[in-house]
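Reviewing the structure listed below.
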Amino acid sequence: MPRQLILFPCSHMGNLLIALPHLKAMLAAQEESLLVIDQRYQPIIAMALPGETRVLWYPDAELASHKSFLHRSRYYLRFLLALRRFRAEHSVDIEGEQKSATLSLLSGATTRHGPTRRHSRWFYSHSHGRDLSGHRWQDYASLSLPAATSPACYLDLNATKAGLQDIAQHPLQPTLQPTPILIHPGATKTYKMWHPEQFASLCQRLRRLGATPILIGAGAKDRAQIERIQTFLCEPAMNLCDQLSLEALVALMQQSRGYVGNDSGPMHLAAACGLATVGLFGPTNDTLWSPLSRRATVLRQRQCHSQCQRNSCVMDSYPCLQGITVDRVIATLETLGALNGDQSVCGHHRPTVMR
Numbered sequence: 085m086p087r088q089l090i091l092f093p094c095s096h097m098g099n100l101l102i103a104l105p106h107l108k109a110m111l112a113a114q115e116e117s118l119l120v121i122d123q124r125y126q127p128i129i130a131m132a133l134p135g136e137t138r139v140l141w142y143p144d145a146e147l148a149s150h151k152s153f154l155h156r157s158r159y160y161l162r163f164l165l166a167l168r169r170f171r172a173e174h175s176v177d178i179e180g181e182q183k184s185a186t187l188s189l190l191s192g193a194t195t196r197h198g199p200t201r202r203h204s205r206w207f208y209s210h211s212h213g214r215d216l217s218g219h220r221w222q223d224y225a226s227l228s229l230p231a232a233t234s235p236a237c238y239l240d241l242n243a244t245k246a247g248l249q250d251i252a253q254h255p256l257q258p259t260l261q262p263t264p265i266l267i268h269p270g271a272t273k274t275y276k277m278w279h280p281e282q283f284a285s286l287c288q289r290l291r292r293l294g295a296t297p298i299l300i301g302a303g304a305k306d307r308a309q310i311e312r313i314q315t316f317l318c319e320p321a322m323n324l325c326d327q328l329s330l331e332a333l334v335a336l337m338q339q340s341r342g343y344v345g346n347d348s349g350p351m352h353l354a355a356a357c358g359l360a361t362v363g364l365f366g367p368t369n370d371t372l373w374s375p376l377s378r379r380a381t382v383l384r385q386r387q388c389h390s391q392c393q394r395n396s397c398v399m400d401s402y403p404c405l406q407g408i409t410v411d412r413v414i415a416t417l418e419t420l421g422a423l424n425g426d427q428s429v430c431g432h433h434r435p436t437v438m439r
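Position one of the sequence shown corresponds to residue 85 (this note's numbering), numbered consecutively onward.
Now the structure itself:
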């Protein structure tokens, strides 16, 4: 059978979690395969595909614009040499972003499959139409050779010993109880973010209900958002931003009772961990990006105006997102069993969407 290259160097964690069942199916179908994944997600691959060694790590962090040209060139050439050494005959690209399309072309594979896109004939020998009628899971399924079988779901994540130890030995471990509720207030785009004052009010309400709100995140945007939230609180909420590895975050999620956050990668991670998850959606498409778990609910206040763009609201204030009330979030957490001790609901499928 031909040597198969599976390209998914996407930097978005949510995309990877959605795509993983299809990537696993392609690895299972072809023994001589090599999967290209962003290096930062090594822990996710280790948890979702334990023992899998047919992986080549794309050094995205080493190719960041703040690195020197020499540094970036060295890492990229080293990666390309490893890619070419595999001598792929077929390549499959189900994300279709510019870097994966370029890698398809540079791989040396004779047969290159990918989605129909601008100038796709330059990158692929076989272009395929995408199924954009539903969730991104179906989109990836339409491009995978072969796809995972339905229903749409995440792969199970198995917490590592290192992650469990990190949480058990964390200095704040004694204060993580009772009823920890994780809150991720950040997102890649500002238009995805619920107002910090609302998050602060949510923290106060959760405390009054006997729960422990824990702020999580990583990077400058998340830090800034959390700092704004803390200014609205008389007593700061527990802040674990930039303190957790991915392994430790998964271990914490599997020990927590609920999660509230904007449309982001951590929202998908929480849902993949089976956590009662409330996703706050505004101008982004919940049909396309909703978490794939029955313990997840998507909230939106109203449909966007027909003339709205994701980064340009005709009503200026994004009422679709900012109109979601703290009362609705609390009620949804209660319905999901995060605040009343009901852990009986489990398993994965499309979430409830409340408007």
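Even for Gly, the Cβ is constructed at its ideal location relative to N, Cα and C.
Per DSSP, cross-strand counterpart(s) of residue i
i    : result
H210 : H197
Q346 : Correcting the residue identity first, residue 346 is Asn in this sequence and not Gln. According to DSSP, which records beta bridges pairwise, N346 is partnered with L364.
Q88  : S117, H174
A380 : T361
T296 : P264
M322 : I298
Delimiting residues of the alpha helix (DSSP H) encompassing residue i
i    : result
S285 : 280–292
I414 : 410–419
R252 : The sequence shown places Ala at residue 252, not Arg. Element bounds for A252: 245–252.
D190 : For clarity, residue 190 is Leu in the given sequence; the question names Asp instead. It spans 182–190 - the alpha helix (DSSP H) in which L190 sits, taken as one unbroken run.
L256 : Looking at the DSSP string, L256 is not in any alpha helix (DSSP H), and its letter there is neither H nor E.
E311 : 304–315
C94  : Looking at the DSSP string, C94 is not in any alpha helix (DSSP H), and its letter there is neither H nor E.
C404 : 403–406
L422 : Before going on, a small fix: residue 422 reads as Ala here, not Leu. A422 -> no alpha helix (DSSP H), and no H or E assigned at all.
D223 : 220–227
T371 : 370–373
L239 : No alpha helix (DSSP H) contains L239, which DSSP labels as neither H nor E.
L330 : 330–339
Which listed residue (the options) has its alpha carbon closest to that of residue i
i    : options                : result
N369 : Y275, V344, T409       : Y275
L187 : I313, P93, F365, Q406  : P93
E311 : F207, L328, F283, Y142 : F283
R138 : M110, I300, A148       : M110
A231 : L405, L376, H106, V344 : H106
R292 : D326, R156, L423, I408 : L423
R156 : I408, P143, L239       : P143
I267 : F207, S217, I90, L353  : L353
D250 : A172, S329, S204       : S329
A145 : D122, G135, A246, A166 : D122
G363 : N346, L376, R87, S377  : N346
S149 : A132, Y160, W141       : Y160
Q114 : F163, L147, A172, G98  : A172
S377 : R384, L359, Q385, T371 : L359
T419 : E179, T371, A380       : A380
Q314 : P269, I129, Y343, I408 : P269
Cα-Cα separation, residue i to residue j
i    : j    : result
W373 : R220 : 6 Å
L319 : I414 : This sequence places Glu at residue 319; Leu is not what is there. Cα-Cα distance, rounded: 20 Å.
S228 : L333 : 29 Å
L100 : L190 : 22 Å
Q288 : A321 : 9 Å
V398 : A193 : In this prediction, V398 has a pLDDT of 46, which is less than 50 and means its spatial position is unreliable; nothing more can be read from the coordinates.
V273 : A304 : One detail in the question is off: residue 273 reads as Lys in this sequence, not Val. Taking the straight line from one Cα to the other gives about 12 Å.
S175 : T195 : 6 Å
H212 : D411 : 45 Å
G366 : A295 : 26 Å
A302 : L336 : 15 Å
Y125 : L324 : 20 Å
I102 : C237 : 8 Å
M351 : P297 : 16 Å
L417 : S348 : 18 Å
E281 : A356 : 28 Å
L299 : D306 : 10 Å
Q182 : L165 : 19 Å
Q253 : P127 : 19 Å
D240 : L133 : 9 Å
R169 : W206 : 22 Å
H96  : P262 : 32 Å
A308 : E116 : 45 Å
Q88  : S209 : 14 Å
S217 : D223 : 8 Å
W278 : V382 : 13 Å
V120 : L317 : 44 Å
G247 : R341 : 18 Å
S152 : W141 : 20 Å
N242 : T200 : 35 Å
L91  : R214 : 16 Å
S204 : S234 : 28 Å
H197 : P86  : 14 Å
Y343 : P255 : 22 Å
L104 : I178 : 11 Å
Distance cut-off 7 Å: residue i Cβ against heavy atoms of the ligand HEM
i    : result
L328 : Because no ligand of any kind appears in the structure shown, any question about the ligand HEM cannot be addressed here.
| request: Only counting runs of 4 or more residues, tell me where the alpha helix (DSSP H) segments fall wholly within the stretch 113–165, in order along the chain. | output: Unbroken alpha helix (DSSP H) stretches of 4 residues or longer found wholly inside the stretch 113–165: 126–132, given in chain order.
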